[in-house]
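Note sheet for the following structure.
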Amino acid sequence: MAQNEFPGWHGTTIIGVRKGGTVVIAGDGQVSLGQTVIKGTARKVRRLSPGGHDIIAGFAGSTADAFALLERLEAKLESSPGQLQRAAVELAKDWRTDKYLQKLEAMLIVSDGADLYVITGAGDVLEPEHDVTAIGSGGNYALAAGRALMESDMDAEAIARRAMAIASEICVYTNGNLTVETIGK
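Residues in the sequence shown are numbered consecutively from 994, following the working numbering.
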């Protein structure tokens, strides 16, 4: 098989929901290579505690690349304790300008319980307009479902779980095996 014919890794849907003073980040567990599910129980949502401040993060893309970015984010947070926005902006600037980091293929959703951001390799630090954001192969499905559910009486975790269930019913690269982390202000 020629290198350009390699089927590539697919998978991951991550959603972040902020409602009622709580932020939830949920992610599925599927990792696929071409048409094959390689693993169904991957853990793509993590709790970080740099400098004693709780942060939750979810990632889509290459796992090794995402871990490299999470390590860099933790370092930024240790040098700016309790300042997620500043750390996120610094990471995005480094990601955009550093020759090594530019090659990393991942996206992050991060929260400290108050703020919720998507960080991309294009140098973006995006705060969702409607308190819901999603990334990954099933991200648009989860985002649409989450935004529709925001008007319901459901809490942030219930919205995230239901949106992920809907995404898993539509996207073949998303499964229903969830990792869910919750954080409050």
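Backbone N, C-alpha and C define an ideal beta-carbon position, used for all residues, glycine too.
| Item | Value |
| --- | --- |
| Going by beta carbon distance, what residues of the same chain come within less than 8 Å of PRO1074, once the five residues before and after it are set aside? | PRO1043, GLY1044, GLY1045, HIS1046 |
| Report yes if the C-beta distance between ILE1048 and THR1175 is below 9 Å; otherwise report no. | no |
| Pick out whichever of VAL1017, VAL1038, THR1126 has its Cα sitting closest to the Cα of PHE1060. | VAL1038 |
| What does the alpha-carbon distance come out to for the pair THR1090 and GLY1013? | 37 Å |
| Considering only their Cβ atoms, is the gap separating LEU1097 from GLY1054 smaller than 9 Å? | yes |
| Can you give the Cα-Cα distance for ILE1007 and ALA1068, rounded to whole angstroms? | 23 Å |
| If you reduce the DSSP assignment to three classes, tell me which class MET1147 lands in. | coil |
| Tell me the rounded alpha-carbon separation between ASN1168 and THR1113. | 24 Å |
| Rounded to a whole number of angstroms, what is the C-alpha to C-alpha distance between GLY1139 and VAL1111? | 16 Å |
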